[in-house]
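**Student:**
2 protein chains.
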Amino acid sequence: MILEQEIQQTKFSSMKQKATLNIMFTAGWLKCNQTRLFKAHGISGEQYNVLRILRGQKGNPIGVNGIQERMLEKNSNASRLIDKLKEKNLVERAGCISDRRSVEIFITEAGQTLLQQLDDVILDQEKKLIRLSDEEADQLNNLLDKLRSYN
Amino acid sequence: MILEQEIQQTKFSSMKQKATLNIMFTAGWLKCNQTRLFKAHGISGEQYNVLRILRGQKGNPIGVNGIQERMLEKNSNASRLIDKLKEKNLVERAGCISDRRSVEIFITEAGQTLLQQLDDVILDQEKKLIRLSDEEADQLNNLLDKLRSYN
DNA sequence: TTACAATTAATGTATATACATATGTTTGCA
DNA sequence: TGCAAACATATGTATATACATTAATTGTAA
Numbered sequence: 070m071i072l073e074q075e076i077q078q079t080k081f082s083s084m085k086q087k088a089t090l091n092i093m094f095t096a097g098w099l100k101c102n103q104t105r106l107f108k109a110h111g112i113s114g115e116q117y118n119v120l121r122i123l124r125g126q127k128g129n130p131i132g133v134n135g136i137q138e139r140m141l142e143k144n145s146n147a148s149r150l151i152d153k154l155k156e157k158n159l160v161e162r163a164g165c166i167s168d169r170r171s172v173e174i175f176i177t178e179a180g181q182t183l184l185q186q187l188d189d190v191i192l193d194q195e196k197k198l199i200r201l202s203d204e205e206a207d208q209l210n211n212l213l214d215k216l217r218s219y220n
Numbered sequence: 070m071i072l073e074q075e076i077q078q079t080k081f082s083s084m085k086q087k088a089t090l091n092i093m094f095t096a097g098w099l100k101c102n103q104t105r106l107f108k109a110h111g112i113s114g115e116q117y118n119v120l121r122i123l124r125g126q127k128g129n130p131i132g133v134n135g136i137q138e139r140m141l142e143k144n145s146n147a148s149r150l151i152d153k154l155k156e157k158n159l160v161e162r163a164g165c166i167s168d169r170r171s172v173e174i175f176i177t178e179a180g181q182t183l184l185q186q187l188d189d190v191i192l193d194q195e196k197k198l199i200r201l202s203d204e205e206a207d208q209l210n211n212l213l214d215k216l217r218s219y220n
């Protein structure tokens, strides 16, 4: 369905306004679809995001701040998300010796295992959900990058 | 900045995965920028969204369900958002006579005034924020619509 | 007409976002 | 050295999202 039908709005003040709504609507749609998958595995979308960031570190230490910077939602609260993940034994905290303000976070074996289980499921869902060719997806990526090209 | 720099991730499992992250990241970025504007006027982004839907009705009655359907975030909670708007006298509720389960929601004069104040500010911000030509914005809209073209 | 499913909205609970503030630690510079 | 500013993280509060459940009303089929 085109955006007009989805949100039942026929006119937009500008092409940019329509693009704004379209991006937000599509993001909500994607998130909604993914949430169900994550939930089935006992974590939330943002918790998954944190786990992926930690895996991407390949064992290199990263602090709460570093995680926050890499997150999709900049205003999320890494500190509390890490708490939740620790309760489930998916991550570990370790005080940093060289800077005692900082806390280093690592993904546990259990965390790695969970991510591995999710990898295929997520890719599969994305493949089904996103009705674009690789070429079109690439175009879309370029347009989004350009959209945000503040200086 | 391109997505890779923004979220400091260099490799993606697929073009579609990258597009997913890019859409979510860009939506978060747009939302974050708009939130500040709304806050300055005492409402939240989703409250603004509800007000816009009501204005779009041009006086035609719409129930809580109808609003929910038109919202960008399908899992939001229109009932409670309307509560908040009512507290600020931006909307009114009226019991529906033909169906006593239903409640009809209308935007008040104060709500209209607030929207009018916000209209220009929002458009202006979008104009500054979104670094695309109208043609590119149109392309983006088409790609997003196609992306979601489930049957 | 009654019984039951469908609907409409409200509410309850857990989690997340948005933003301000607090606490402890480090750094830079007078 | 001493002290203010900057920094890293945690916490507090209000709002929103995600989803299940409740309560009232309506539609419908036996």
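Protein chains in written order, with the working numbering: chain A, 70 to 220; chain B, 70 to 220. A virtual CB, placed ideally from N, CA and C, is assigned to each residue, including glycine. From a predicted model like this one, the values you see are computed outputs, not experimental measurements.
(1) For residue 109 of chain B, go through chain A and note every residue whose CB falls closer than 8 Å to its CB, in chain order.
(2) In terms of alpha-carbon separation, which member of B:166, B:142, B:122 and B:176 lies closest to residue 81 of chain A?
(3) Can the beta-carbon of residue 195 of chain A be found closer than 8 Å to that of residue 78 of chain B?
(4) What in chain A is Cβ-close to residue 207 of chain B, meaning under 7 Å?
(5) Three or more C-beta pairs under 8 Å: does that hold for the region 207–215 of chain A against the region 105–115 of chain A?
(6) Between residue 115 of chain B and chain A, is there a C-beta pair that is closer than 8 Å?
(7) What are the residues in the region 116–131 of chain A lying within 7 Å of chain B by C-beta distance?
(8) Below 9 Å on C-beta distance, what does residue 77 of chain B contact in chain A?
(9) If we define contact as Cβ-Cβ less than 8 Å, is residue 97 of chain B a contact residue for chain A?
(10) Is any beta-carbon of chain B found at less than 8 Å from that of residue 200 of chain A?
(11) Listed from N- to C-terminal order along the chain, which residues in the region 160–184 of chain A have their beta-carbon within a distance smaller than 9 Å of any beta-carbon of chain B?
(12) Are there 16 or more other CB atoms within 10 angstroms of the CB of residue 178 of chain A, so buried, or fewer, so exposed?
(13) Step through the CB atoms of chain A and report whether any lies within less than 8 Å of the CB of residue 148 of chain B.
(14) Could you tell me the alpha carbon to alpha carbon distance between residue 127 of chain A and residue 202 of chain B, rounded to whole angstroms?
**Tutor:** Looking at the atomic coordinates:
(1) Residues of chain A passing the Cβ test: none, with the nearest at roughly 16 Å.
(2) Checking every option, the nearest Cα to that of residue 81 of chain A belongs to B:122.
(3) Contact flag unset, no.
(4) 84
(5) no
(6) no
(7) 125
(8) 122, 125, 135, 138 and 139
(9) yes
(10) Closer than 8 Å to some Cβ of chain B, the Cβ of residue 200 of chain A qualifies, so yes.
(11) none
(12) exposed
(13) no
(14) 40 Å
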